[in-house]
Amino acid sequence: MRLLVVCLGNICRSPMAEGWLSARIAQTPDLAGRIEVDSAGLGRWHVGDPPDPRAIATAAAHGIDISGQRARQLRAEDFTADSLILCADVGVLQQAYRRGPATSVAGLHRMLEWAGLPAPWDLPDPYQGGPADFEAVWNRIDEAGERMIGRLKRELGA
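For the sequence shown, position 34 matches number 34 in full-length UniProt numbering, and the numbering has no gaps at all.
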C-alpha cells in the first residue's frame, strides 16, 4: 500500500505528516514493511528543497528527523490503485481531484477526515506563522496519526 500526504508546496504540513507516519508505521509490527509513506505538493515552487526549517525543528523536537526529505510535485503516477492520498485541506483535495484520473480518485481524502477526527478537517497551513503554529499543526498530525494507525491496522487486517 502507498500512502501519500499532499499539501501546497510540500515543505510544511505534508513533510511533517510523512515523518510522523513513517516513524510510527516502522514501529508498528503489524504495519512495518507493508505501507510506503511519501509526501508531495501541488505546486512546483519548492521542488528539490528540504522542508521549511521550522518544520524540521518541530519534528526534531519530537524525535523525528525530516531534514533529508525533498519536496516534489504530485504526479500522475501517484494515482495508482493501491494508493491512499491524504490531502491537508479541502483546497488541496479539490486540486488533486482535478489532476487525478477519474478511475483512481476514490483513494483521495482529507487527512483529518479520513483519520476520523471531528471537524474542522482542514490542517492549517503554518507557513505564514511562527513556531507555535508549526507545533499546533504537529499536535493535530499526532492526534490524527494515532487514529490513522488504528484504521490502517483494521483495513489491512493487521
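For each residue, glycine too, the CB sits at the ideal point set by N, CA and C.
(1) Among the candidates 157, 78, 11, whose CA atom is the shortest distance from the CA of residue 51?
(2) Between the region 135-145 and the region 97-115, are three or more C-beta pairs nearer than 8 Å?
(3) Given that a residue counts as buried once 16 or more other Cβ atoms are within 10 Å of its Cβ, and exposed if not, what is residue 137?
(4) Rounded to a whole number of angstroms, what is the C-alpha to C-alpha distance between residue 148 and residue 54?
(5) At what residues does the alpha helix (DSSP H) containing residue 39 begin and finish?
(6) Could you check where the beta strand (DSSP E) with residue 92 kicks off and where it finishes?
(7) With DSSP collapsed to three states, give me the class of residue 2.
(8) With 16 other CB atoms within 10 Å as the buried threshold, where does residue 58 fall?
(9) According to DSSP, simplified to helix, strand and coil, what is residue 151?
(10) Exposed or buried, what is residue 37 when buried is set at 16 or more other beta-carbons lying within 10 Å of its beta-carbon?
(11) Determine the direct distance from the alpha carbon of residue 4 to that of residue 90, and round the result to whole angstroms.
(12) Taking the straight line between their C-alpha atoms, what separation do you get for residue 124 and residue 80?
(13) If you draw a straight line from the C-alpha of residue 41 to the C-alpha of residue 157, how long is it?
(14) Using only alpha-carbon positions, find the residue among 69, 2, 25 that is nearest to residue 16.
(15) Tell me, which residues are paired with residue 72 by DSSP?
(16) Name the residue from 84, 115, 74 whose alpha carbon lies nearest to the alpha carbon of residue 95.
Concretely, from the data shown:
(1) 11
(2) Touching, yes.
(3) buried
(4) Residue 148 and residue 54 have their C-alpha atoms some 24 Å from each other.
(5) First-last for residue 39: 36-41, but that is the beta strand (DSSP E), not the alpha helix (DSSP H).
(6) It is not in any beta strand (DSSP E) - residue 92 instead sits in the alpha helix (DSSP H) that spans 90-99.
(7) Reduced to three states, the DSSP call for residue 2 is strand.
(8) buried
(9) helix
(10) buried
(11) Whole-angstrom Cα-Cα distance: 16 Å.
(12) 27 Å
(13) 30 Å
(14) 69
(15) None; residue 72 has no bridge partner.
(16) 74
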